[in-house]
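Note sheet for the following structure.
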Amino acid sequence: MNPGVPVAYLQLRKQPRRLFIALAGIAMSSLGILCQMGFEDSLFRSATRLFEELSADIVLISPQYQFMVLPAQFSDRRLYQALAIPGVESIASVRLGIAPLKNPVTHINRNVYVVGASHGGNVFANADWERKLRSLREPDELLFDARSRPEFGPIAELFRSGSVPTEIGNQRVRIVDMFEMGASFSADGTVLATDEGFARLFPQRRAGLVDIGLLHLRPNVNVPEMLAGLRRALPNDVLVMTHQELNDREQKYWRGTTPAGFIFKTVLFISLVVGCVSVYQILSSDIAENLRQYATLKAIGYPDRYFLKLTFEKAWLLTSLAYPVGFLMSMGVYFAATHLTLVPLVMTSLRIVSVYAILLAAAFIAGVLAMNRLRNTDLSELF
Amino acid sequence: MNAAVDMTPEFPPVLSARRLSFSYAHTPVLRNLSLDVVPGEIVLVTGASGAGKTTLLTLCGALRSIQEGELEVLGRNLKELAPREQREVRGSIGFIFQSHHLLDALTAGQNVVMSMAGRVPLAEASRRAEAALEMLGLSHRIDALPEDMSGGEQQRVAVARALVREPRLILADEPTASLDDISANIVKEAIREAARRLSCAVLLVTHDARLFDLADRRLRLANGAL
Numbered sequence: 001m002n003p004g005v006p007v008a009y010l011q012l013r014k015q016p017r018r019l020f021i022a023l024a025g026i027a028m029s030s031l032g033i034l035c036q037m038g039f040e041d042s043l044f045r046s047a048t049r050l051f052e053e054l055s056a057d058i059v060l061i062s063p064q065y066q067f068m069v070l071p072a073q074f075s076d077r078r079l080y081q082a083l084a085i086p087g088v089e090s091i092a093s094v095r096l097g098i099a100p101l102k103n104p105v106t107h108i109n110r111n112v113y114v115v116g117a118s119h120g121g122n123v124f125a126n127a128d129w130e131r132k133l134r135s136l137r138e139p140d141e142l143l144f145d146a147r148s149r150p151e152f153g154p155i156a157e158l159f160r161s162g163s164v165p166t167e168i169g170n171q172r173v174r175i176v177d178m179f180e181m182g183a184s185f186s187a188d189g190t191v192l193a194t195d196e197g198f199a200r201l202f203p204q205r206r207a208g209l210v211d212i213g214l215l216h217l218r219p220n221v222n223v224p225e226m227l228a229g230l231r232r233a234l235p236n237d238v239l240v241m242t243h244q245e246l247n248d249r250e251q252k253y254w255r256g257t258t259p260a261g262f263i264f265k266t267v268l269f270i271s272l273v274v275g276c277v278s279v280y281q282i283l284s285s286d287i288a289e290n291l292r293q294y295a296t297l298k299a300i301g302y303p304d305r306y307f308l309k310l311t312f313e314k315a316w317l318l319t320s321l322a323y324p325v326g327f328l329m330s331m332g333v334y335f336a337a338t339h340l341t342l343v344p345l346v347m348t349s350l351r352i353v354s355v356y357a358i359l360l361a362a363a364f365i366a367g368v369l370a371m372n373r374l375r376n377t378d379l380s381e382l383f
Numbered sequence: 384m385n386a387a388v389d390m391t392p393e394f395p396p397v398l399s400a401r402r403l404s405f406s407y408a409h410t411p412v413l414r415n416l417s418l419d420v421v422p423g424e425i426v427l428v429t430g431a432s433g434a435g436k437t438t439l440l441t442l443c444g445a446l447r448s449i450q451e452g453e454l455e456v457l458g459r460n461l462k463e464l465a466p467r468e469q470r471e472v473r474g475s476i477g478f479i480f481q482s483h484h485l486l487d488a489l490t491a492g493q494n495v496v497m498s499m500a501g502r503v504p505l506a507e508a509s510r511r512a513e514a515a516l517e518m519l520g521l522s523h524r525i526d527a528l529p530e531d532m533s534g535g536e537q538q539r540v541a542v543a544r545a546l547v548r549e550p551r552l553i554l555a556d557e558p559t560a561s562l563d564d565i566s567a568n569i570v571k572e573a574i575r576e577a578a579r580r581l582s583c584a585v586l587l588v589t590h591d592a593r594l595f596d597l598a599d600r601r602l603r604l605a606n607g608a609l
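Next up, the structure:
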């Protein structure tokens, strides 16, 4: 039933103050959800940024491994055992540690994440990192993440004049090149070293122990079969998984084990409730004020579904008017947060569309709830 | 008696109540009431407050469930109808309530057009709305919002809304109660014209003596019976 009159629009426009409050509520809800999703995505992205750059078909880790800041070592003999299995073309290893890096200007120490890549390369899929890593000649030479937090000092600026001497854990080092990765919620900055360089920075670590083993398979090798074969062949002091499974495991740790996942979900829920309440408030007020008018229309033959459609139209109008405002505000927050934290927040098309859809669904639910009163109206009360 | 009524015996009644009874809790309001209203006939019902006039209207309008007796409206036995079918019957009834119940965000014209949704193409609905408002002396108020209109004008828009749908039955409850003489006369003539032109039956509940000469039959409801 289409009356040919834009009833939803006219009724919303009739109460400008109430409309403004509802739009503000939905805009704030959009802002909350978009920011929450941005922060969450940024956290999980940054948590696996390093791992995503690793070059591996299959990885080995210790069963004691928790996450990148709390890794656990296993013997590199497992890598050599794996190499003996037909189908494994080459191996590489990664060592992970945290040590204080001295700011070359202020001489204040701040913990930096140290990644030691095995000699021989083929550790990173990122060609630029790999090329620069192979250019390291001496154990005291390091690559520094140019997008690390500024508290480490103006290393990128100093580097323009040549290598930057400083100290890591009281060991003299020289930053001889830069790479770009970005800070994360668990690491303010990162340096890449060769395994010799890593051993020099962490002399207490036993030689022969690695944190992540990287296996490169020959072309056309069936990965699931190889995974099963490696699991049978290797002792249970290592876990065998695909590269993607390692990334998923790292994200799962952040989502499930740390409070971050719960906090993000809570903020998402609260933001959604704010949106729902904003829409419900205006729609239910509208129905309460026009109850007799709507009941009159019902009496002359308008079905309930017309009023449901009318309510949905209002919910759609409210969401569509408020969402762009929330979106623009969230872009401002993304921009500011990226520049303040150096942890990149990226807005994706999928997120823009999905948050709009979530809000629309929430608005429709609010509309259905608001409709209950009209549905239960006793038409005989009209006379 | 007007000319329309002289013709009516040839036509089946639009509204036919037989032994209709209705109680609120254990208080009977209508008792074995029987009534026929034929096309073009204007039946005016009077009675004391609480006599059951409004209950009779709500039963005839399929707005309330029938407890006892039979009630046929537009040839359909209301007792046997599903809610969707009752809604179809209501679609052919013009309701005029004591209060106008206009949507305040819509203009007079839009309110009238709204009543024809799904029944008449939009262009035709607009044309009819203009004609109906003109008949009720409101052609100059077609773009006015209810808040900018007097109570009498609002009620006349509500009457236009009921008549423009060309109903086969009009149920009206004190349609002129709050109107001045001029507005009341306009409404009275509009109802008379609708009954004559559309041959629609009218069941009108009122205390307003200004409407008494409109009636083909005047009935008094007392003790639940006519």
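Chains as they are written, first to last, in the working numbering: chain G, 1 to 383; chain B, 384 to 609. Backbone N, C-alpha and C fix where the C-beta goes; we use that ideal spot for every residue, glycine too.
Within chain B, the residues that residue 10 (chain G) reaches when beta carbons sit closer than 7 Å = 488 and 489
What three-state label does DSSP hand residue 89 (chain G) in the structure shown?
-> strand
Please go through the same chain and pick out, in chain order, the residues whose beta-carbon is closer than 6 Å to the beta-carbon of residue 589 (chain B), but skip the five residues on each side of it.
-> 557
Throw me the rounded Cβ distance for the residue 274 (chain G) and residue 87 (chain G) pair, which I believe falls under 8 Å.
-> Going by Cβ atoms, the distance from residue 274 (chain G) to residue 87 (chain G) rounds to 54 Å, so no, they are not a contact pair.
Where the alpha helix (DSSP H) containing residue 339 (chain G) begins and where it ends | 304-341
Span of the beta strand (DSSP E) holding residue 113 (chain G)?
-> 109-117
In angstroms, rounded to a whole number, what distance separates the CA positions of residue 26 (chain G) and residue 278 (chain G)?
-> 6 Å
What in chain B is Cβ-close to residue 296 (chain G), meaning under 8 Å?
-> Ordered by position in chain B, the residues that pass the 8 Å Cβ test against residue 296 (chain G) are 478, 480 and 484.
Residue 644 (chain B) CB to nearest chain G CB: under 7 Å?
-> Residue coverage of chain B in this structure runs from 384 to 609, which leaves residue 644 (chain B) outside it and unanswerable.
Take residue 490 (chain B) and list the residues in its own chain whose beta-carbon comes closer than 8 Å to its own, dropping the five residues that flank it on each side.
-> 525, 526, 527 and 528
Buried or exposed: which applies to residue 39 (chain G), given that a residue is buried once 16 or more other Cβ atoms fall within 10 Å of its Cβ?
-> buried
In its own chain, which residues sit with a C-beta less than 7 Å from the C-beta of residue 285 (chain G), not counting the 5 before and 5 after it?
-> 18
Identify every run of the beta strand (DSSP E) within the stretch 204-279 of chain G, keeping only runs that are complete inside it and at least 3 residues long; order them along the chain.
-> Whole beta strand (DSSP E) segments, 3+ residues: 212-217 and 239-242.
Within-7 Å CB hit, residue 446 (chain B) to chain G | yes
So what's residue 384 (chain B) in DSSP terms, helix, strand or just coil?
-> For residue 384 (chain B), the pLDDT reaches just 38, beneath the cut-off of 50, and the residue's location in the model is therefore unreliable, although a value from the coordinates is still provided. Three-state DSSP puts residue 384 (chain B) in coil, outside helix and strand.
Determine, using beta carbons only, whether residue 373 (chain G) comes closer than 7 Å to chain B.
-> no
Touching by the beta-carbon criterion (3+ pairs, under 8 Å), the stretch 121-140 of chain G and the stretch 150-160 of chain G = no
So residue 554 (chain B) packs on residue 474 (chain B), CB below 8 Å; how close in whole Å?
-> At roughly 13 Å, the Cβ-Cβ gap does not stay under 8 Å, so residue 554 (chain B) and residue 474 (chain B) are not in contact.
What is the rounded straight-line gap between the Cα of residue 450 (chain B) and the Cα of residue 379 (chain G)?
-> 17 Å
Are at least three pairs of beta-carbons, each pair with one atom in the stretch 336-352 of chain G and one in the stretch 256-268 of chain G, less than 8 Å apart?
-> no
Spell out whether any CB of chain B is found under 7 Å from the CB atom of residue 287 (chain G).
-> no
Hey, does residue 14 (chain G) have any beta-carbon neighbour from chain B nearer than 7 Å?
-> With 7 Å as the cut-off, residue 14 (chain G) counts as an interface residue toward chain B.
Is it buried or exposed for residue 384 (chain B), if we count other Cβ within 10 angstroms and need 16 for buried?
-> Note that residue 384 (chain B) scores a pLDDT of 38, beneath 50, so its modelled location is shaky; the value from the coordinates is reported in the next line. Burial call: exposed.
Range covered by the beta strand (DSSP E) that runs through residue 165 (chain G) = Here the beta strand (DSSP E) through residue 165 (chain G) covers 164-168.
List the endpoints of the continuous alpha helix (DSSP H) containing residue 540 (chain B).
-> Note, residue 540 (chain B): alpha helix (DSSP H), 534-546.
Verify the CB distance criterion: does residue 44 (chain G) have a CB-CB separation below 7 Å to chain B?
-> no
Residue 269 (chain G) versus residue 483 (chain B) - alpha carbon distance = 43 Å
Would you identify the three-state DSSP class for residue 353 (chain G), choosing helix, strand or coil?
-> Residue state, collapsed to three classes: helix.
Report yes if the CB atom of residue 79 (chain G) is closer than 7 Å to the CB atom of residue 91 (chain G), and no otherwise.
-> yes
Rounded straight-line distance, which links the Cα of residue 15 (chain G) to that of residue 317 (chain G) = Taking the CA atoms as reference points, residue 317 (chain G) sits about 14 Å from residue 15 (chain G).
Report the neighbours of residue 292 (chain G) on chain B: residues whose CB is nearer than 8 Å to its CB, in chain order.
-> Around residue 292 (chain G), the beta-carbon contacts reaching into chain B at under 8 Å are 482 and 484.
Assign residue 462 (chain B) to buried or exposed, taking buried as 16 or more other Cβ atoms, counted over all protein chains shown, within 10 Å of its Cβ.
-> exposed
Quick one: list the residues of chain G neighbouring residue 493 (chain B), beta-carbon separation under 7 Å, in chain order.
-> 5
State buried or exposed for residue 469 (chain B), treating a residue as buried only when at least 16 other CB atoms are found within 10 Å of its CB.
-> Residue 469 (chain B) comes out buried.
Should residue 518 (chain B) be flagged as near chain G, meaning a C-beta pair shorter than 7 Å?
-> no
Can you give me the start and stop residues for the alpha helix (DSSP H) that residue 407 (chain B) sits inside?
-> From DSSP, residue 407 (chain B) is part of no alpha helix (DSSP H) but of the beta strand (DSSP E) over 398-407.
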